[in-house]
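Quick note: the sequence shown uses my numbering, first residue -14, plus one each step. Glycine included, C-beta positions come from ideal geometry on N, C-alpha and C. Here the structure is a predicted model, which means the values were calculated and not measured.
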Amino acid sequence: MSRWRLFWLTLLMGVGCVAQALELTPQEQAGKRLYREGLASGDAQVSARVGAADILVPASVVPCASCHGADGTGRPEGGVRPPALNWQRLTRGAGEHRVNGRQYPAYTEASLARVIQEGRDPAGNVLDPAMPRFVLSMADQRNLTAYLKRLAEDRDPGVEERQLRIGTLLPQSGPLAGAARVVGAVLQGSIERINQQGGIHGRQLQLTVVDPGPDRTSAEQALKRLIEQERVFALLSPLAPALGTALPPMLERSGVPMIGALSLPAASVQSRLIFEPLPGVREQLLSLADYAAERLGVKEQSALILYSGAEQAALADVLQQGLHQEGWRALRREAYEARQPLTDGVQSVFFLGDGAGLARLTESLLSAGQTPYLFAASSQVAGEVANVPAQWSQRLFLAYPFVPGDWTEEGRAALAEVRKNQGLGGQQTLLQVTAYCSLQLLVEGLKRAGRDASREKLLAALEGVYGFDTGLTPPLSFGPGRRQGLSRAHVVGVELPGPRFHPQ
-14 MSRWRLFWLT LLMGVGCVAQ ALELTPQEQA GKRLYREGLA SGDAQVSARV GAADILVPAS
46 VVPCASCHGA DGTGRPEGGV RPPALNWQRL TRGAGEHRVN GRQYPAYTEA SLARVIQEGR
106 DPAGNVLDPA MPRFVLSMAD QRNLTAYLKR LAEDRDPGVE ERQLRIGTLL PQSGPLAGAA
166 RVVGAVLQGS IERINQQGGI HGRQLQLTVV DPGPDRTSAE QALKRLIEQE RVFALLSPLA
226 PALGTALPPM LERSGVPMIG ALSLPAASVQ SRLIFEPLPG VREQLLSLAD YAAERLGVKE
286 QSALILYSGA EQAALADVLQ QGLHQEGWRA LRREAYEARQ PLTDGVQSVF FLGDGAGLAR
346 LTESLLSAGQ TPYLFAASSQ VAGEVANVPA QWSQRLFLAY PFVPGDWTEE GRAALAEVRK
406 NQGLGGQQTL LQVTAYCSLQ LLVEGLKRAG RDASREKLLA ALEGVYGFDT GLTPPLSFGP
466 GRRQGLSRAH VVGVELPGPR FHPQ
């Protein structure tokens, strides 16, 4: 068996003590809430005047952190560059600082209150109207000033002097336990390799693994434990599909970034906190649809989305919307029944289900004398392709996030080292590469974020990643409105019997 044929077959088989957080006084805690959420103690209403017209809005609409960042380092937006709110920087020196050609004395508590409430710096210069002017009581101002003095020390959870904690959810039993062991081994092996090389900016990475349990309730509790008790900085490659739609809002409430594959269609998730290195099932099938339209000429002919099981129904809806947007009009979706023949005239079938379901479908269609084009994501149909009847030779097309030609010598060597150290073979290659690339992306973001790491800095750094070479995939690119590193996948034709795989 050739090395690359083995590659395709194995790819198909795929699918301590916690340091204390900064102690804040009740006054500083109140100031932190005001800074981050625009809310005063006791939920009292706080207002802000915005723009040259002094339009009055709730401060919760324009809290300080929305522009200056939760870490106070400032986030350029709309051509405006908010300054860093470091108390030592604001108050240091002999009293003269030059910013944008202006001179002003060092800040005091009184001049800080004036700039926050009136929009005038210590020298009396009027600031850009983009800076909100907050209507604060004396108590609110004292609370906010108290917190700003501690802001530079208030690190995000998981960031310690010599280590940085990341977390993941991996089941220890049940049908996903085998896949979880593979993901855990790749993550742990890759982290050990990074730590042996000195870590990231002098910090060692520490992986905390929690079992998500058998259902949504246990999975939510497990994620809550990672966030609130283990206090991880970020979530990496979780394998907890039971979380479903609960995952994005839980991350949003806590501000925890996530890097890894989602069990949900990317199009149904709108979260700036979630970064997916590789295309999901929807994106893979849309890549197959592009190929079918351009190379097979079946876009105007009857097509069908067949989905197996309730868990695939939502994905079928999202896929149908995507295909309609790309001009597939003679298209419908149906739940798959093993003995159900297709309506006459169907030329293309997009299959959402597992490998066993695909094998049963091909047998039942063959019994009915039907051989339409079949399209499926390689990550779903697993190792059953070898059991598909020969009549589907070059009529079965699979989508792959990467192919052998994407692997560089350096990337291949790095993965081989991890496999050797963790006792892994070439099985479940897709899982291995997804976990490996997720960690590489996190490491790249942390390197760009710098020693003074924060979640806000990580998000900004990842948004700036363009053409990132993992060594195992096509280059990954992200942006302010883009959270998938690859928007499309490779199309591979299957020759049967064999199977043999032919990138198209």
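Give the DSSP-derived three-state secondary structure of residue i in the structure shown.
i	result
serine 158	coil
glycine 152	strand
proline 488	strand
leucine 416	helix
alanine 164	helix
serine 378	coil
leucine 236	helix
glycine 169	helix
alanine 225	coil
serine 363	helix
threonine 130	helix
cysteine 2	Low confidence applies to cysteine 2: its pLDDT is 38, below 50, so where it sits in the model is not reliable, and the reading given next is rough at best. Three-state result, cysteine 2: coil.
valine 46	helix
valine 370	helix
valine 450	coil
tyrosine 292	strand
Can you grab the Cα-Cα spacing for the pair residue i / residue j, in whole Å?
i	j	result
methionine 491	glutamate 146	For residue 491 there is no data in the structure shown, the boundaries of the chain being -14 and 489.
arginine 440	proline 465	15 Å
methionine 123	threonine 10	18 Å
valine 47	arginine 433	27 Å
glutamine 297	threonine 347	19 Å
glycine 408	alanine 164	14 Å
leucine 228	tryptophan 313	32 Å
glutamine 173	histidine 475	29 Å
glutamine 14	threonine 193	28 Å
glycine 183	glutamate 177	10 Å
glycine 198	serine 256	25 Å
leucine 400	glycine 104	54 Å
glutamine 73	lysine 134	8 Å
glycine 27	valine 168	45 Å
asparagine 372	arginine 485	13 Å
I think residue i touches residue j, with their Cβ atoms under 8 Å apart; what is that distance to the nearest whole Å?
i	j	result
serine 248	proline 226	4 Å
phenylalanine 336	leucine 281	That belief does not hold up - the Cβ atoms of phenylalanine 336 and leucine 281 are roughly 16 Å apart, past 8 Å.
phenylalanine 260	leucine 426	7 Å
leucine 316	glutamine 305	7 Å
Residue i lies in the alpha helix (DSSP H); which residues open and close that run?
i	result
histidine 186	Here histidine 186 belongs to no alpha helix (DSSP H), and DSSP marks it neither H nor E.
leucine 400	394 to 407
leucine 300	298 to 310
serine 32	Element bounds for serine 32: not the alpha helix (DSSP H) but the beta strand (DSSP E), 32 to 35.
leucine 350	340 to 352
Tell me the residue span of the beta strand (DSSP E) that contains residue i.
i	result
isoleucine 40	40 to 43
isoleucine 212	Where isoleucine 212 is concerned, there is no enclosing beta strand (DSSP E), given that its DSSP letter is neither H nor E.
glycine 470	Note, glycine 470: premise wrong, no beta strand (DSSP E); not H, not E.
Spatial neighbours of residue i within its chain, please: CB distance less than 6 Å, with the 5 preceding and 5 following residues excluded, ordered by chain position.
i	result
valine 366	Gly340, Leu343
threonine 58	Ala69
leucine 75	Tyr92
Residues in its own chain within less than 7 Å of residue i by CB, not counting five upstream and five downstream?
i	result
alanine 295	none
serine 423	Leu221, Ser222, Ile244, Gly245, Pro262
histidine 487	Val477, Gly478, Glu480
Can you list, in chain order, the residues of its chain whose CB lies under 8 Å from that of residue i, leaving out five sequence neighbours each side?
i	result
tryptophan 377	Thr347, Thr356, Leu359, Val479, Leu481
Below 7 Å, is the gap between the Cβ of residue i and the nearest heavy atom of the ligand ZN?
i	result
glutamate 103	By its list of ligands, the structure shown contains no ligand whatsoever, and the ligand ZN lies outside what it can speak to.
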